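Undergrad: Numbering (my numbering), first residue to last: 812 to 1042.
(1) For residue 917, does the count of other Cβ atoms within 10 angstroms reach 16, so buried, or fall short, so exposed?
(2) With a threshold of 8 angstroms on Cβ separation, who are the neighbours of residue 989 within its own chain once the five nearest residues in sequence on each side are excluded?
(3) Can you list the alpha helix (DSSP H) stretches of 4 or more residues lying completely in the segment 988-1025, in chain order?
(4) Measure the alpha-carbon distance for residue 885 versus residue 866 and round it to whole angstroms.
(5) Out of curiosity, what's the CA-to-CA distance linking residue 1016 and residue 1023?
(6) Please report the straight-line C-alpha distance between residue 985 and residue 993, rounded to a whole angstrom.
(7) Curious, which full-length alpha helix (DSSP H) runs of at least 4 residues does the segment 929-986 contain?
(8) What separation, rounded to the nearest whole angstrom, lies between the Cα atoms of residue 947 and residue 880?
(9) Given a threshold of 16 other Cβ atoms within 10 Å of its Cβ, counted over all protein chains shown, does residue 850 qualify as buried or as exposed?
(10) Check whether the Cβ atoms of residue 1027 and residue 906 lie closer than 7 angstroms to each other.
(11) Quick check: the Cα distance between residue 934 and residue 894, rounded to an integer number of angstroms?
(12) How would you call residue 980, buried or exposed, if buried means at least 16 neighbouring beta carbons within 10 angstroms?
(13) In its own chain, which residues sit with a C-beta less than 8 angstroms from the C-beta of residue 868, not counting the 5 before and 5 after it?
(14) Would the beta-carbon of residue 922 fall within 7 angstroms of that of residue 998?
(15) Among 815, 822, 816 and 814, which has the Cα closest to the Cα of residue 983?
(16) Would you kindly report the start and end of the unbroken beta strand (DSSP E) that includes residue 825?
(17) Under the DSSP definition of a beta bridge, which residues are partnered with residue 861?
(18) Given residue 832, which residues of its chain have a CB within under 6 angstroms of its CB, disregarding the five upstream and five downstream residues?
(19) What are the boundary residues of the alpha helix (DSSP H) that includes residue 881?
(20) Do you know offhand how far residue 818's Cα is from residue 971's?
(21) Decide if the segment 838-854 is in contact with the segment 908-915; the criterion is three or more beta carbon pairs, one per stretch, under 8 angstroms apart.
(22) DSSP beta-bridge partners for residue 828?
(23) Using C-beta distances below 7 angstroms, list every residue in its chain close to residue 876, excluding the 5 sequence neighbours before and after it, in chain order.
(24) Could you tell me the boundaries of the alpha helix (DSSP H) in which residue 911 lies?
Structural data, given as structure tokens:
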């Protein structure tokens, strides 16, 4: 830690979609099915803008950008039906399980901060209940009244921070994210942010992160003053 360019932290807060669970490709499949029916393409450019949004915010943005002949509410309803098919297929991202168990075993307080609704959270984590039970608490932003504004606003990370019993300072919290909106939210919350972006994401959209990694497998806890892996 003595030679590390990063500040020591005591608590960790994790995003879920695209970081712990490989769900971003499932979202792409769902949104493409809907937009293709109207002769439109859900592109990477649009995807990069909405990653981390709450569901209705995503629907509003997609309907607006692609000028779809349906309301955001109709888009949301169609999405919800497809989520039931696709989300239970969600697999873990490389390194996620190892890191969460390592932090838990070393008594590092961890929380989840996801923009999902409770319903979609339950669908996505159906195979991974034991792993997600490791979190001290889970802020399900899409259904949590305390999260007034979604990412890129800092609300979700501030709520997550304040639900730790010892209420740490923001500077003692490390956020893990995959999306530009989430990184922005973490920075605005006064936290350091480790970003594990999709390889398709343009590099200029990763510039605000404290540290950018190709995979959670590459994370070295000791760089932030956390207990190192034993092997």
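C-beta atoms are modelled at their ideal positions from N, C-alpha and C, and glycine is treated no differently.
This one's a predicted model, so the numbers in the text were calculated from it and none came from an experiment.
TA: So, to answer that:
(1) exposed
(2) 826, 828, 829, 830, 835, 862, 1006, 1007, 1008 and 1009
(3) 991-999
(4) 12 angstroms
(5) 11 angstroms
(6) 12 angstroms
(7) 929-935, 940-943 and 966-973
(8) 43 angstroms
(9) exposed
(10) yes
(11) 8 angstroms
(12) exposed
(13) 861 and 961
(14) no
(15) 822
(16) 822-825
(17) In DSSP, residue 861 forms no bridge with anything.
(18) 901 and 935
(19) From DSSP, residue 881 is part of no alpha helix (DSSP H); its letter is neither H nor E.
(20) 20 angstroms
(21) no
(22) 832
(23) 857
(24) 907-916
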